[in-house]
Structure formats: C-alpha cells, structure tokens
Amino acid sequence: MARTKYQSVYYQPAKDGHKGYYYYSIYLGKDPLTGKKIIKKARRDRLGNRFKTARAAHLEVQRVLGEIGDGTSVHSSQISLENFMSNVYIPNYRREVENSTWSSRKSIFKLIKERLGAKSLKDITPKDCFDFRSWLLSSEAGYSQSFASIVYGIFRQVLDTAVDLDYLLRNPSRVKKATRAIAKGPHIINYWTLEEFKEVVSKCYLGDIEGALAYVMLNLYYFTGLRVSEGLALWWSDINLHDGYIRVNHTLTNSIDPDKKRKNYTKTMSSMRTIDIPNDLVKLLKWWKQEQYDNLPQNGNDHYVLSATDRPLHRSSVNNTINRYAKLAGVHHIQARELRTSHVCLLINKYNVDILAVSQRLGHAKPTPTCSIILNYGEDVIGR
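The opening position of the sequence shown corresponds to residue 1324 in the numbering used here, with each subsequent residue numbered one higher.
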C-alpha cells in the first residue's frame, strides 16, 4: 500500500500476478452501539468502474463525504435492523407515546423484526422493501389492507429515523415507486338507524345486571356520541342528572393497572367539553345509578357509570355487547366506534342539527371530520 498526494486515497502495487489499483479508505468515526471504528473502503465508483487514477478516487471520496455531510457523521456498517430498533428506535418511541399506543404497536415491531430484523441496515435494498410490502398484502400473511398499511408505514418510519441519525444515507423504501406506501383501502363504516337501534336494545333484559348494563351502555353511546374511551371513563360526578349534561374531561387507557386507567385528559383539547343529554337518557341514568347503589359493590366516594364491579371495563366489552345483542335482534353488526357515527346520523337525519353544532358536540376541533361522514355516506346518511 502506498499513499498518494490525495488524503484517504491509496495505491496497491501489483502483486502475485494481480494488477495494481487505486482505492480509498475513509474513517467515519465509531459505531454508537459497538464502539468499533467505521471504515469505508472501495476501489470502484458508484457506477462500478475501477479507479484509473488517484484523482478519480479523490473525486469519489469528495462525493461520498458530500453525501454524508462534513465527514464526521457516524454511520454503522454492521448494525442489524433488529439491533437498531431494539436499542435506538423503540426506546425513544416508547417514551413518546401513550401506554395504550405502545401496547397496540408491540406486535407490529415484533413482526418487522421477524421478517427483516437479521438484515444489516446497509444491506436492506429497495427489493427487500418491495418483497416485504408484497408479503403484507398477500393471502399468505392474511392481513387486512388497513393493517398492512400500518405495518409498512411503521417500517418506513424506522428507516427514516435511521437516515436522520446518519445510520443510512437514504431510505431504501422511498427511492422506488414500487416501494411506495400501502393505501389504507376503502373505509367502510356502518351505522344504526333509530329503528335498528331500538330493535337491538329491545333484546336487553333489564331484570339482571348484565342486561341492564348493556341497555345503559348502548343508550349512553347512541344518544351522546362519546368516544368509547370517554364513555368508559365516566364517573357519576361527571354527570349532572339535575340539569341534564355530561362533562367530558377524562379518557380510559389500556393500562393493566386499574388505578392508572383513568386519565384526566382526552384525545385532544377540543374534546374537553360539556354536552346536553336528552330527558329519557337522564331518567335511565337515574334508574341505573340507584340499581348500582342497591345491588353492586361501592368503592370510594365516586364510581364508574359503566361498570357492574366498580372497576373500569375493557374496551372490548363494548364491542362484545354490540355483537351479542345485534345478533339476537338480527340487525347488522357495527363496531363500537360506529355508535358515534350513528349518533351523528341521528342528529342530522331526525333533528336537522347544524353540522357545526354536531362537530362541537363530538369534540372535533374543526367541522371537517363531521363533514367527511356526510361525504362518505352521501345520500345514504341523509335519506336512510
């Protein structure tokens, strides 16, 4: 090896029948995880051509350093995707999101690691990204398009972070059209008309606690438009049964510890609101409150409205209740969050409530989300 007049450029003389050649060797710092030196060596330019002169190698060095930055950025040559996710991306992600969000994303991170975790970051190619994208959408994987969209989106975000932190020069999932994001697919939302709702709740038997709780739950969501987590977080102190209104200022998380489930904030600032409730719902809630007092455990000075044990229900309880009584009534299934959509349709169809007023009742910062419901359903919402 012989030095040339250009920094980081060397000449390897002919030896053992092999021709001599120019190459460069650049020190890029230390790997932040392993502490090892990072050296980039090459005897070819980015087009695959061998360096014929020392100057050609020098120009390639300048190009490489220009892409990297000032030449002092740290790039990892050996770190695997799994190592980067476990030691860099995930710890920061977990600190920035709610526990409920983290719980729902753990399986996605595990899936990404299983498919591509063993690969070195620098070895992930657009073809790898394309293959992963195709697999997510395949019948072999068996995922819905919306879930595949979430998984692939998080995968791209991980690689974006690797680029931002100088582990990669560019994100391989963003350099080709074939590796573009996965569309969420058609957004189909169902809702219940007032007649359908009455059919469902007519199957609730008020003679036992389970049926009574289901009846109160369905009525509360249908006639208030509360989010699932907002309804489950309600205490009796949040409801004024004398004047007929509910203060919405708490939400329920998926924390394992029941004492940490109820948070004193909502999804957005605009979701902190006070909403009127109809007289029939007021009467129902008064009856349910007395039922709780007479027949159910009472812990502390305040109690969950939607509970038979004075402990918060899990979010799945709402979906389970809908599934059970919709099946008994022979009415089409809807998701728990679609009771909120049903409330919007009720206000617009039956009572001709102004969209801005509906938006404020739902806790939207702008009427745009409310308008999107009308646009998605068109005449079906207005005339059903």
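Virtual Cβ for every residue (Gly too), placed ideally from N, Cα, C. All values reported here derive from a predicted model rather than from experimental measurement.
Distances from the CA of Asn1513 to each of His1666, Ile1678, Gly1440 were compared; the closest alpha carbon is that of His1666.
Ranked by Cα distance from Pro1601, the options Thr1576, Asp1566, Asp1633, Gln1613 are led by Asp1566. Closest in alpha carbon position to Leu1444, among Tyr1412, Asn1675, Leu1555, is Tyr1412.
Out of Lys1526, Pro1449, Glu1533, the CA that lies nearest to the CA of Asn1494 is found in Pro1449.
Rounded to whole angstroms, Ile1431 and Asn1643 show a C-alpha spacing of 24 Å. Comparing alpha carbon positions, the residue from Gly1653, Ser1461, Asn1624, Gly1686 closest to Phe1520 is Gly1653.
Residue burial is scored here from C-beta neighbours: Ser1403 has at least 16 other C-beta atoms within 10 angstroms and is therefore classed as buried.
For Val1539 against Trp1611, the beta-carbon gap comes to about 5 Å, under 8 Å, which counts as contact. Considering only Leu1492, Ile1505, Leu1460, the residue with the shortest C-alpha distance to Ser1472 is Ile1505. Excluding five sequence positions before and after Pro1690, the CB atoms of its chain that fall closer than 6 Å to its own CB belong to Ile1678, Leu1679, Ser1682, given in chain order. Remark: C-beta atoms of Ala1380 and Tyr1346 approach each other more closely than 8 Å. Two segments are said to touch when three or more pairs of C-beta atoms, one from each, lie closer than 8 Å; by this definition the region 1556–1570 touches the region 1622–1636. In this structure, Tyr1344 lies near Arg1373, with their beta-carbon atoms less than 8 Å apart. Secondary structure note for Ile1678: its alpha helix (DSSP H) is the uninterrupted segment 1678–1685. Rounded to whole angstroms, the gap between the alpha carbons of Val1628 and Asn1587 is 16 Å. In this model, Leu1575 and Leu1370 are separated by some 56 Å (Cα to Cα). Cβ-Cβ separation between Ile1532 and Asn1618: approximately 7 Å, consistent with a contact (criterion under 8 Å). Residue environment for Gln1615: buried (at least 16 other C-beta atoms within 10 angstroms of its C-beta). Counting along the chain, Tyr1334 sits inside the beta strand (DSSP E) bounded by residues 1332–1335. Taken through DSSP and simplified to helix, strand or coil, Tyr1344 comes out as strand. Contact annotation, Val1523 with Val1641: C-beta distance approximately 13 Å; criterion of less than 8 Å not satisfied. Going by beta carbons, Ile1511 and Phe1478 fall outside the 8 Å limit. Cβ-Cβ distances below 7 Å link Glu1421 to Thr1576 in the same chain, with the five nearest sequence neighbours on each side left out; the list follows chain order. Counting C-beta atoms within 10 angstroms of its own C-beta, Leu1608 has 16 or more neighbours from the protein chains shown and is therefore classed as buried.
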